[in-house]
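First up is the structure itself, then whatever we jot down about it.
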């Protein structure tokens with residue numbers, strides 16, 4: 001197989017020893033700069049993808065995709081409301097719940113404040129992933145009338161409790177009012193299980209059976225609202241619009257929605273800004289870190305300008321032998337692009353390797369030096385996540401190669417404009 005003369009000469013120039021060692025230093029520096037930029041960009045975007053994945057799984061897995069409640073109070077006939085909700089497009093499961101702020105008191109380690117939620121275990125498992133994060137016990141251990149409770153790991157640790165221990169729950173809702181003041185209702189519960197999502201839920205939420213919650217809060221069969229899980233979480237707002245009666249994609253003249261007596265909310269209203277902020281941060285980080293690659297690409301420009309100046313006599317001889325300006329241009333494009341290709345390849349390999357093993361590397365250093373890189377009370381999760389997205393790798397590779405090739409065009413064009421007579425005048 002015969003290579004074009006431009007490829008052959010360009011590759012020879014890349015391997016040849018240069019009289020000016022400074023040119024070689026700048027060429028290596030530019031290649032390493034591109035490799036560093038590509039590696040950092042792949043790693044940072046992978047970490048941000050990991051954070052987004054963890055937040056999506058842990059937050060959207062534990063918060064309802066859609067919420068439906070009755071205006072002016074709780075829902076008395078939640079089974080009837082659930083039948084109407086199931087008529088909405090995309091609805092997979094519906095679960096009732098009762099919630100109230102509460103104080104959790106331990107005889108060992110003081111008091112904690114949080115949210116007490118009464119649930120139906122079988123229904124809750126269909127709309128939430130809490131069962132997947134149980135480290136002790138299960139939701140099925142919550143039985144009506146037995147007054148069992150499931151705590152988050154952080155709350156249990158702060159209270160100095162574990163499964164099988166007793167905790168006193170005090171609530172203001174349903175309290176007795178007397179001339180002496182308000183007497184909060186309280187009840188001792190047995191801890192039936194512990195869950196750990198490595199998010200703020202671990203310190204804020206506790207679960208009991210909905211029957212026990214109704215008794216404690218004096219709500220009877222009335223529930224606070226319905227949690228709804230939809231098939232595609234990104235289309236939860238369509239289901240919410242349908243339930244509100246504002247879904248514009250259905251125009252069959254029939255009434256839709258639950259009516260004005262009910263309110264409807266979806267996760268976009270509560271968690272949407274967080275995920276939009278993450279997307280914006282990913283975009284900004286991509287733009288800023290791409291500048292590292294751009295700076296390295298500018299080094300290719302300076303390198304190739306010096307190479308063209310150093311090769312004036314060679315260019316003149318090639319032109320004298322019949323090489324066209326286009327051939328000269330291709331020679332230096334090939335030579336300059338080699339640095340970009342090798343730099344990009346080195347950056348991709350090191351970036352993919354680092355992004356894949358970053359959680360283990362960070363965990364090792366945390367254990368070795370006793371530091372916490374990602375505090376759970378600040379970042380929702382207590383570890384550094386990473387998710388390598390190969391579409392990101394392809395885009396980064398294309399951008400790096402594009403910048404590298406573009407950086408060679410001006411010096412190569414200058415080389416193609418060399419006049420043989422002037423170049424050989426002083427040789």
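In our numbering, the protein residues as written are 1 to 427.
In this text, a Cβ means the ideal position worked out from N, Cα and C, and glycines have one as well.
- Distance from the CA atom of residue 128 to the CA atom of residue 42, rounded to whole angstroms, is 32 Å.
- Contact between residue 193 and residue 134 holds: CB atoms are separated by about 6 Å, below the 8 Å threshold.
- Per DSSP, the beta bridge partners of residue 99 are 117.
- Excluding five sequence positions before and after residue 222, the CB atoms of its chain that fall closer than 7 Å to its own CB belong to 74, 75 and 76, given in chain order.
- With a beta-carbon spacing of about 10 Å, residue 407 and residue 293 fall beyond the 8 Å limit used to define contacts.
- Shown here, residue 163 sits in coil according to DSSP, grouped into three states, outside any helix or strand.
- Judged by DSSP in its simplified three-state form, residue 213 adopts helix.
- Cα atoms of residue 49 and residue 267: separation of roughly 20 Å, rounded to the nearest angstrom.
- For residue 226, the uninterrupted beta strand (DSSP E) run begins and ends at 225-230, by DSSP.
- Taking 8 Å as the cut-off, the Cβ atoms of residue 92 and residue 231 count as close.
- About 40 Å separates the Cβ atoms of residue 154 and residue 347, ruling out a contact at the 8 Å cut-off.
- Excluding the 5 residues flanking it on each side, residue 333 has same chain C-beta neighbours closer than 6 Å at 408 and 412, in chain order.
- Excluding sequence positions up to five before and after residue 371, its CB lies within less than 8 Å of the CB of 365, all in the same chain and listed in chain order.
- Distance from the CA of residue 400 to the CA of residue 38, rounded to the nearest whole angstrom, comes to 7 Å.
- Sequence-distant Cβ neighbours of residue 144 in its own chain, meaning closer than 6 Å and more than five residues away, are 209 and 211.
- In this structure, 139 is the residue among 275, 27, 139 and 338 with its C-alpha nearest to the C-alpha of residue 122.
- Residue 190 sits away from residue 215, with the two beta carbons spaced by 8 Å or more.
- One Cα belongs to residue 95, the other to residue 343, and the distance between them is close to 54 Å.
- The segment 101-115 and the segment 195-206 touch, with no fewer than 3 CB-CB distances between them shorter than 8 Å.
- Looking at 156, 324, 163 and 386, the one whose alpha-carbon comes closest to that of residue 418 is 324.
- Nearest to residue 47 by C-alpha distance, out of 410, 415 and 352, is 352.
- Per DSSP, reduced to three states, the secondary structure at residue 265 is strand.
- Rounded to whole angstroms, the gap between the alpha carbons of residue 271 and residue 57 is 12 Å.
- Residue 289 is positioned such that its CB atom lies closer than 8 Å to that of residue 44.
- The three-state reading of DSSP puts residue 104 in strand, counting E and B together.
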